[in-house]
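Sequence order for the protein chains is A and B.
Residue numbering for the first sequence follows UniProt numbering, beginning at 1 and increasing consecutively.
Residue numbering for the second sequence follows UniProt numbering, beginning at 1 and increasing consecutively.
All C-beta atoms in this analysis are idealised placements derived from N, C-alpha and C, irrespective of residue type, glycine included.
Number of protein chains: 2
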Amino acid sequence: MQVKIKDVAKHAGVSVTTVSRVLNGERYVKDDLKAKVNDAIQELGYAPSQIARSLVRNKTNLIGVIVPDLTSSFYSTILSSIEDMASANDYNLLVCNISENIDKELKYLNVFQEMRVEGIIIMHEKINEEIRHLIHKINIPVIFSSVKPLDQSFASVIVDDYQASYDATKYLIELGHETIGFIGGDLQDITSGQNRYSGYRNAMADNGKTLVDEHIRFGDYKVRSGYLHMKELLSIERPPTAVFAVSDDMALGAMNCIRDHQLRVPEDISVMGFDGSLLTELVRPTLTSMEQPIQEMGRATMDVLLKQISGKKIPTGDVVLEHRLVIRESCQPRI
Amino acid sequence: MQVKIKDVAKHAGVSVTTVSRVLNGERYVKDDLKAKVNDAIQELGYAPSQIARSLVRNKTNLIGVIVPDLTSSFYSTILSSIEDMASANDYNLLVCNISENIDKELKYLNVFQEMRVEGIIIMHEKINEEIRHLIHKINIPVIFSSVKPLDQSFASVIVDDYQASYDATKYLIELGHETIGFIGGDLQDITSGQNRYSGYRNAMADNGKTLVDEHIRFGDYKVRSGYLHMKELLSIERPPTAVFAVSDDMALGAMNCIRDHQLRVPEDISVMGFDGSLLTELVRPTLTSMEQPIQEMGRATMDVLLKQISGKKIPTGDVVLEHRLVIRESCQPRI
DNA sequence: ATTCGCCGCGAAAACGTTATATCCTTTTCA
DNA sequence: TGAAAAGGATATAACGTTTTCGCGGCGAAT
Chain A
1 MQVKIKDVAK HAGVSVTTVS RVLNGERYVK DDLKAKVNDA IQELGYAPSQ
51 IARSLVRNKT NLIGVIVPDL TSSFYSTILS SIEDMASAND YNLLVCNISE
101 NIDKELKYLN VFQEMRVEGI IIMHEKINEE IRHLIHKINI PVIFSSVKPL
151 DQSFASVIVD DYQASYDATK YLIELGHETI GFIGGDLQDI TSGQNRYSGY
201 RNAMADNGKT LVDEHIRFGD YKVRSGYLHM KELLSIERPP TAVFAVSDDM
251 ALGAMNCIRD HQLRVPEDIS VMGFDGSLLT ELVRPTLTSM EQPIQEMGRA
301 TMDVLLKQIS GKKIPTGDVV LEHRLVIRES CQPRI
Chain B
1 MQVKIKDVAK HAGVSVTTVS RVLNGERYVK DDLKAKVNDA IQELGYAPSQ
51 IARSLVRNKT NLIGVIVPDL TSSFYSTILS SIEDMASAND YNLLVCNISE
101 NIDKELKYLN VFQEMRVEGI IIMHEKINEE IRHLIHKINI PVIFSSVKPL
151 DQSFASVIVD DYQASYDATK YLIELGHETI GFIGGDLQDI TSGQNRYSGY
201 RNAMADNGKT LVDEHIRFGD YKVRSGYLHM KELLSIERPP TAVFAVSDDM
251 ALGAMNCIRD HQLRVPEDIS VMGFDGSLLT ELVRPTLTSM EQPIQEMGRA
301 TMDVLLKQIS GKKIPTGDVV LEHRLVIRES CQPRI
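Spelled out as structure tokens, the structure:
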């Protein structure tokens, strides 16, 4: 059986209350007693039970995180940054990896509620009515990181996806490309689906480029999806000279596909990514990408959440971070 | 304030005990009462407090995980697999990302103890005396995943790193390579440092290849490290015609370096990786690699840990999984 | 007809902490 | 000098559950 505060008290010859005082660094304990208590703690190897502590303090120092895919470079980087911030603020992370598994998400939201987590971070926006309702019901601060759900009542930390996509497309246009393929995300996603698509459309239209239906495809942000859609783009009569994929993973897939068709990036086709994940520097050619400040996104997420938890309501629901075009090797002027 | 079991009891007109019985699916509750209780739970939106439950049951359903680097494809894949198994067995994961930060590890081990986690998973082997001592002291089942520390008293799930490395090297030898560069890990690591190095050495010696000091280098498993060490290998007079890096990340770094020097993989230099991470299929050329069964490793880890937790002591401390050479494009016969 | 055992329920005692109330000292200050 | 304030310690009541125990009622077995 674990040693408990009572044992420490007995061993040190003081009351339980005094031990508790020493543990929590309160005043009103003389140094000699404090020393005796600390010795006892040391000797018995006592570690206070956070469970009991949480119960009486009504505070768990727990934060629940729902990640769509742990193995994705993008999400794991955000998570890593979130973990740093959490640890620095003495919060612990309960993580759930829902790989497209909607049931698991529902289950975990319940677990989070039962565990009395103080806040919840969600990194995807495909929330159905049931989940939306549940989130509202449980009355725990929730923040969306890197995505923004339709429901305006939820806080979120994002970039301006529309503008970022607009800027990325514009850059390709400025390089002289007349035809620019687009590999988008799920149109049911507002943030990364619709907004990025609109940005692309409007940049094209504003600059007098015609939108070709054949050049526009929608994937699921993953490498394989980028590969397959690129294959389709290459199969049409006059493939675009540049391709904008709304995730680095899909951009990588596209690059691989292009190479597998004996074409070169960027000489034959320029490829632009989105996210600024670690991948961009690991692949050859290095990937020009519309970068989200991933690290900062994690930090900002925790920042806002911690404020929500401590009761300081955030004035606006959204924190919009700056996107940044990082030019590497995968895009070049149209010759 | 949260609604509690007492409120449910009052609302349903029964005793607290009865509500608890319904919650835990015990017998001895008549159907009509059960229905009334369930209605009350529904109406009040009651979720039982795991905190209180844990306290009285002396069981938290929590498992602590210490990951060296969340952003690494290898670790995040193991973690993802561990999470799946945990979730399936109604366990929740408390994750800690220690990026070379030894203090953070110490801190988290304490947190794990205070949180009364039922088991701890550690994915690195650089544990110093203090940590070793602490782990022994806290008396919670601990298992090492993908690594095996010197201390034989700890359980672990690994591959036979020596043999895997031996086999990988032998494959390169069989391809006709006379000179094979080696980019190893930290020699202070038993599993991935020493064992893999010995495997390489012995495979070379057993097949009459001379070991060239200049061809042997030691990195830190990361992409950048592979790049830098490959640069050194390329700077010597007669670079090896094949290179074996003991992580896929380093192998990728090596490939990038080779390409940046206007050489081709595998035509000029063959590159062999280790791990079988997702990267292997994402890069071009695809990476031949000595694959660890990453998914299974996560599963086996949880499997053993759960048995340890339930008190069924595991006969042997180690579970050794099968490694497998997966031949892709990055290695070819020496011409 | 009495005992025995299972049902079906509730009251109350845990679980390991912190918070509250209380009590005795000692110090401070008018 | 006396009263109030502050310091130092304790006993006890929470916190929200599960578990133990006990107590009727009822059918079956003795």
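C-alpha distance - residue i paired with residue j, whole-angstrom precision
i                      : j        : result
A/Met272               : A/Met250 : 10 Å
A/Gln163               : A/Asn202 : 10 Å
A/Tyr227               : B/His215 : 37 Å
B/Val142               : B/Val95  : 14 Å
B/Glu105               : B/Ile98  : 6 Å
A/Leu70                : A/Leu278 : 14 Å
B/Pro48                : B/Thr280 : 46 Å
A/Thr169               : A/Glu100 : 29 Å
B/Ala242               : B/Met255 : 11 Å
A/Arg324               : A/Met290 : 6 Å
B/Val29                : B/Phe112 : 38 Å
B/Gly25                : B/Val223 : 52 Å
B/Val304               : B/Tyr197 : 28 Å
A/Ile190               : B/Ile120 : 39 Å
B/Val283               : B/Leu252 : 8 Å
residue 337 of chain B : B/Glu125 : Residue coverage of chain B in this structure runs from 1 to 335, which leaves residue 337 of chain B outside it and unanswerable.
B/Thr110               : B/Ile78  : The sequence given here places Asn at residue 110 of chain B; Thr does not occur at that position. So the two alpha carbons sit approximately 23 Å from each other.
B/Phe182               : B/Asn58  : 50 Å
A/Tyr200               : A/Ser225 : 19 Å
A/Thr288               : A/Leu233 : 20 Å
A/Pro149               : B/Ser72  : 29 Å
As assigned by DSSP and simplified to three states, the class of residue i
i        : result
A/Arg201 : helix
B/Asp246 : Note on identity: in this sequence residue 246 of chain B is Val, with Asp being the wrong assignment. Correct three-state label for B/Val246: coil.
A/Met115 : coil
A/Phe154 : coil
A/Met123 : coil
A/Ser146 : coil
B/Asp213 : helix
A/Gln188 : coil
Beta-carbon contacts of residue i that lie in its chain and below 7 Å, excluding the five residues immediately before and after
i        : result
A/Asp151 : Arg132
A/Leu23  : Pro48
B/Tyr75  : Val67, Pro68, Asp69, Met123
B/Leu306 : Asn89
Close beta carbons around residue i, own chain, < 6 Å, minus the five adjacent residues each side
i        : result
A/Ser80  : none
A/Pro293 : Leu321
A/Val157 : Ser145, Met297, Ala300, Thr301, Val319
B/Glu329 : Pro285, Thr286
B/Gln2   : none
B/Asp260 : none
B/Gly176 : Pro333, Arg334
B/Val65  : Leu93, Val95, Ile121
A/Pro266 : Ser330, Cys331, Gln332
Range of the contiguous beta strand (DSSP E) that encloses residue i
i        : result
A/Leu131 : The question names Leu, but residue 131 of chain A in the sequence shown is Ile. Element bounds for A/Ile131: not the beta strand (DSSP E) but the alpha helix (DSSP H), 129 to 138.
B/Asn92  : 92 to 97
A/Val326 : 324 to 326
B/Ile66  : 62 to 67
B/Thr17  : Taken as a continuous stretch (DSSP letters only), B/Thr17 belongs to no beta strand (DSSP E), being part of the alpha helix (DSSP H) at 16 to 23.
B/Leu234 : Here B/Leu234 belongs to no beta strand (DSSP E); instead the alpha helix (DSSP H) covers 223 to 235.
B/Leu321 : 318 to 321
A/Ile289 : The sequence given here places Ser at residue 289 of chain A; Ile does not occur at that position. Where A/Ser289 is concerned, the enclosing beta strand (DSSP E) stretches over 288 to 291.
B/Asp275 : 270 to 275
A/Ile183 : 180 to 184
Alpha helix (DSSP H) segment containing residue i, residue limits
i        : result
B/Leu279 : 279 to 282
A/Arg217 : Segment 216 to 218 is the beta strand (DSSP E) holding A/Arg217; no alpha helix (DSSP H) there.
B/Ile309 : 294 to 309
A/Asp32  : 31 to 44
A/Ile5   : 5 to 12
B/Val56  : 50 to 57
A/Gln262 : Per DSSP, A/Gln262 belongs to no alpha helix (DSSP H) and is neither H nor E.
B/Val169 : Before going further, note that residue 169 of chain B is Thr rather than Val in the sequence given. From DSSP, the alpha helix (DSSP H) with B/Thr169 extends over 161 to 174.
Residues near residue i in its chain [Cβ-Cβ closer than 8 Å; skip 5 each side]
i        : result
B/Asn128 : Ile102
A/Leu172 : Ile180, Ala242, Phe244, Ser270, Met272, Cys331
Q. Just checking, does the region 8 to 16 of chain A make contact with the region 29 to 37 of chain A on the three C-beta pairs under 8 Å criterion?
A. yes
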